[in-house]
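Below is one structure, written out as structure tokens; comments come after it.
This is how it looks when you write it as structure tokens:
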């Protein structure tokens with residue numbers, strides 16, 4: 003049975019609302035510190051603040067690149083990656099260029115992922131690639147997983163949640179095509195995401211991280227579950 007501390011490290015807290023304010027970001031940083039989750043992500047403007055707030059806490063500050071559409075200039079994605087790494091972010095999630103992938107321009111997709119991953123690793127940061135699986139076939143998910151593994155990314159990630167949610171088949175396809183040290187992050191999940199679903203994914207699909215705005219609440223639910231079943 004996982005301890006509460008072990009369980010919490012399977013979660014990335016995420017807040018990508020457009021109207022978020024400084025005080026709300028600080029409140030979420032407090033939740034991240036208290037629950038000792040793996041990381042806290044918000045929109046890039048706020049990431050330097052998050053890095054300062056979380057310094058020394060053991061919680062990684064996260065940066066989201068090309069979020070949520072992916073169709074940004076590679077130069078813009080990489081420049082923003084450099085700036086957020088300099089600000090102290092130590093885990094970075096980038097959305098792939100979905101249109102180029104759908105057009106079959108796999109070289110462009112692989113080159114962008116490779117350049118992004120190199121920047122992250124040079125700064126001792128994790129690289130995570132967001133697929134946005136609702137737009138992809140299972141064959142495309144399988145091939146993109148292999149591209150990411152070849153690049154040495156730490157996590158392949160299902161979705162942003164802006165356009166559609168991942169399903170079990172998407173996760174199974176990722177799992178079947180993993181190699182090296184690359185792991186699965188399930189994200190872009192409904193607001194109704196539950197403790198039971200999290201445990202199911204951890205125990206049956208080898209999911210190592212879940213990204214959700216509800217991370218703090220789910221950690222509390224798990225602590226209560228242990229208390230009442232010990």
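In our numbering, the protein residues as written are 3 to 232.
Beta carbons: idealized from backbone N, C-alpha and C, even for Gly.
Could you tell me the alpha carbon to alpha carbon distance between residue i and residue j, rounded to whole angstroms?
i, j, result
"residue 133", "residue 230", "38 Å"
"residue 24", "residue 160", "28 Å"
"residue 141", "residue 54", "41 Å"
"residue 13", "residue 52", "16 Å"
"residue 120", "residue 232", "45 Å"
"residue 218", "residue 43", "13 Å"
"residue 87", "residue 73", "21 Å"
"residue 112", "residue 150", "8 Å"
"residue 50", "residue 93", "13 Å"
"residue 110", "residue 102", "7 Å"
"residue 145", "residue 182", "15 Å"
"residue 84", "residue 46", "12 Å"
"residue 26", "residue 18", "11 Å"
"residue 8", "residue 99", "34 Å"
"residue 29", "residue 48", "13 Å"
"residue 166", "residue 213", "15 Å"
"residue 78", "residue 69", "12 Å"
"residue 39", "residue 204", "15 Å"
Would a C-beta distance cut-off of 8 Å place residue i and residue j closer than the cut-off?
i, j, result
"residue 216", "residue 202", "no"
"residue 143", "residue 131", "no"
"residue 128", "residue 136", "no"
"residue 62", "residue 41", "yes"
"residue 10", "residue 191", "no"
"residue 97", "residue 162", "yes"
"residue 6", "residue 200", "no"
What is the DSSP secondary structure of residue i, reduced to helix, strand or coil?
i, result
"residue 39", "coil"
"residue 213", "strand"
"residue 3", "coil"
"residue 76", "helix"
"residue 62", "strand"
"residue 187", "strand"
"residue 44", "strand"
"residue 208", "coil"
"residue 22", "coil"
"residue 157", "strand"
"residue 127", "coil"
"residue 105", "coil"
"residue 169", "coil"
"residue 97", "strand"
"residue 13", "strand"
"residue 138", "coil"
Contact check, residue i vs residue j under 8 Å by CB: the rounded distance?
i, j, result
"residue 67", "residue 117", "Actually they are not in contact, since the Cβ atoms of residue 67 and residue 117 sit about 11 Å apart, beyond 8 Å."
"residue 60", "residue 91", "With 8 Å as the limit, residue 60 and residue 91 do not qualify as a contact, their Cβ atoms being about 15 Å apart."
"residue 147", "residue 158", "5 Å"
"residue 189", "residue 16", "7 Å"
"residue 207", "residue 155", "In fact, because the Cβ distance is near 18 Å, the residues do not count as touching under 8 Å."
"residue 211", "residue 187", "4 Å"
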